[in-house]
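Engineer:
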Amino acid sequence: MAHSIRKVAFIGTGIMGAPIAGHLLDAGYALTVYNRTPEKTDSLVERGAHRAASAAEAARDADVVFTMLGYPTDVEDVYLATDGLIRVAKRGAWLIDLTTSSPQLARDIHDAAEAWDKHAFDCPVTGGQQGAKLGTLTLIAGILEKDAEPVRPLLDTFSSKIFWFEQAGAGQIAKLCNQVSLAASLTGAAEMLALAEQAGLSPQLVAQMVGEGMGGSAQLSRVAPLALEGDWRPGFLAEHLRKDLALALEAADDLQLTLPVTETSFNLVDMLCRVGGSRKGTQALALLYTDEPTSTAAGLDWSLADGDQQDEIPPSPARQRYFTGTKDL
Ligand code: NAP
């Protein structure tokens with residue numbers, strides 16, 4: 000069956016989506032791309048992808064549609080709006096969401112797809128921008144391995160490992176577990192650098208020592224060199240980590256579980272976002288521990304610190320539309 004998959008659509012060609020789509024192109028699939036900001040598809044179009052004018056146009060003929068969007072609200076709109084994927088994709092098509100998004104939304108999309116004779120599953124990723132470029136991402140799939148067999152060759156073009164969590168939404172829950180652990184090591188790395196610096200030690204040397212010992216982590220290895228160089232450009236946007244931690248806290252709350260370290264990490268990342276760091280990389284968390292002239296020179300504005308806290312993922316009208324009148328779409 001896999002050999003019959005030729006036409007692939009990719010929606011959301013940002014930091015992660017563009018290199019992932021590039022691997023599908025390199026593997027010889029006929030690729031149609033769509034991104035809200037069209038210029039972000041330019042490099043793929045130059046390499047032979049077809050550019051669509053809307054998500055619906057991209058998906059209409061595709062055997063497989065990948066989405067790599069920013070927020071659950073984006074996912075809801077692209078899948079569940081009147082001209083969303085659930086309705087416009089062809090019967091039997093595969094709809095694979097790579098976005099880090101809401102577990103409940105993933106279950107809703109899966110169920111809606113079944114009702115419309117399509118296959119949908121959540122498949123968030125980890126491995127960062129570098130993993131996307133190298134095609135070595137780890138995939139966290141909310142489907143049985145045997146059920147995903149028809150699309151396995153496509154997943155293999157951009158991953159080196161797939162964990163199968165077997166149920167719709169379970170991929171997203173597992174990804175949130177990853178983010179909970181990531182946030183603790185990220186804040187640990189930022190605080191380690193602050194303590195070393197304040198104590199008059201070489202932060203480079205301390206980072207090297209910690210990295211080679213039991214205090215090391217993937218976050219420390221990635222974040223410390225960037226923070227020490229003052230490179231705040233995004234590989235992983237601070238506002239996306241903020242979204243992930245809000246989702247993790249929401250999931251924990253539903254399970255009557257308290258995650259105090261994650262709450263603290265959320266508050267720190269939220270502060271970074273509120274003072275102008277939302278579009279910086281997560282390594283910019285280290286700026287919260289620097290003096291004001293340093294953080295201001297890096298583009299933060301502490302006068303914004305008392306602004307409104309946005310601690311909820313905003314609801315999407317598309318989802319309401321879909322679930323209040325399913326077959327009315
Ligand atoms: P990004 O660069 O912001 O990419 C998201 C893309 O989706 C943007 O290009 C955006 O378009 C597009 N988009 C959003 N809504 C759309 C819509 N309705 N129609 C068409 N295009 C739409 O972010 P990213 O870093 O690639 O991350 C994508 C997702 O992966 C996030 O959920 C993130 O949490 C997760 N993730 C990121 C990393 C990482 O290291 N970066 C690692 C693992 C997982 P615009 O350009 O118009 O905004």
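Using numbering that gives the first Met the number 0, you'd call the opening residue of the sequence shown number 0 and step up by one each time.
Just so you know, even glycine gets a beta-carbon here, dropped at the ideal spot from N, CA and C.
As the structure is a computational prediction, the values presented were derived from the model and not from experiment.
Evaluate I46 with the Cβ neighbour count: other Cβ atoms within 10 Å of its Cβ, from every protein chain shown; 16 or more gives buried, anything less gives exposed.
Structural biologist: It is worth fixing the name first, because residue 46 is Arg in this sequence and not Ile. Per the 10 Å Cβ criterion, exposed.
Engineer: Between the Cα of G215 and those of R241, Q197, A183 and A105, spot the shortest distance and give me the residue it belongs to.
Structural biologist: The candidate whose alpha carbon is nearest that of G215 is A183.
Engineer: Do you know offhand how far A283's Cα is from I10's?
Structural biologist: Taking the straight line joining both Cα atoms gives about 28 Å.
Engineer: So, under 8 Å CB-CB, G141 and F164 are touching, yes? Tell me the CB distance rounded to an integer number of Å.
Structural biologist: Correct: roughly 5 Å between the Cβ atoms.
Engineer: Compute the Euclidean distance between the alpha carbons of V64 and V7, then round it to the nearest angstrom.
Structural biologist: For V64 and V7, the distance between alpha carbons rounds to 6 Å.
Engineer: Where K160 and T137 are concerned, what is the direct C-alpha to C-alpha distance, given to the nearest angstrom?
Structural biologist: Cα to Cα, K160 sits roughly 5 Å from T137.
Engineer: Please report the distance separating the alpha-carbon of D107 from that of R273.
Structural biologist: Their backbone Cα atoms lie some 31 Å apart in a straight line.
Engineer: Please list, in chain order, all residues of the same chain as D25 whose beta carbon is under 8 Å from its beta carbon, the five residues on each side excluded.
Structural biologist: Closer than 8 Å at Cβ, skipping near neighbours: T156.
Engineer: Less than 8 Å separating the beta-carbons of E238 and L248?
Structural biologist: Taking 8 Å as the Cβ cut-off, E238 and L248 do not qualify as a contacting pair.
Engineer: Using only the alpha-carbon positions, how far apart do L143 and Q166 sit?
Structural biologist: Those two C-alpha atoms are separated by around 7 Å.
Engineer: Sort W301, L240 and G229 by Cα distance to T186 and report the nearest one.
Structural biologist: With distances taken between Cα atoms, T186 lies closest to L240.
Engineer: Please name the residue in Q128, A57 and G275 whose C-alpha comes closest to that of G16.
Structural biologist: Taking only the C-alpha atoms, the option nearest G16 is Q128.
Engineer: Whose CA, out of G298, Y288 and S302, lies closest to the CA of R278?
Structural biologist: The candidate whose alpha carbon is nearest that of R278 is G298.
Engineer: With DSSP as the reference, identify every bridge partner of K6, one or two as the case may be.
Structural biologist: DSSP, once it has assigned bridges, lists A29 as partnering K6.
Engineer: If the criterion is Cβ atoms closer than 8 Å, does the pair M270 and A245 meet it?
Structural biologist: No, these two residues do not count as a Cβ contact at 8 Å.
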